[in-house]
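Numbering (our numbering), first residue to last: 6 to 97. Built from N, CA and C at the ideal position, the CB exists for glycine as well. Here the structure is laid out as structure tokens; the discussion comes afterwards.
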């Protein structure tokens with residue numbers, strides 16, 4: 006019987022073969038997903054796919070790109086948003 010904490014699907018189940026040729030279950034935390042753009046949902050480059058406790062150990066510049074909305078929206082959506090904002094301000 007697994008421990009109660011291992012019953013949840015937050016743990017990956019990995020079958021490992023032991024030296025006695027039997028299979029046992031090992032449990033691992035799942036890998037973190039890739040960061041996605043908040044607007045178009047494309048994968049963000051320059052943002053590591055790590056679990057929160059691992060992200061806390063990184064330097065500020067290793068966590069996300071150094072630009073406005075870095076790590077939240079992709080450069081294409083940022084450029085489009087800046088263009089729209091400038092055009093809206095020029096109309097008035």
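In this structure, residue 66 lies away from residue 35, with their beta-carbon atoms at least 8 Å apart. If you draw a 10 Å sphere on the C-beta of residue 45, you find fewer than 16 other C-beta atoms in it, and that means exposed. Annotation for residue 77: 43 place their beta carbon closer than 7 Å to its own, counting only its chain and skipping 5 residues before and after. Distance between residue 56 and residue 37, taken at the CA atoms: about 5 Å. Annotation: the segment 9-91 contains the following complete segments of the alpha helix (DSSP H) (minimum length 4 residues), in chain order: 57-60 and 65-68.
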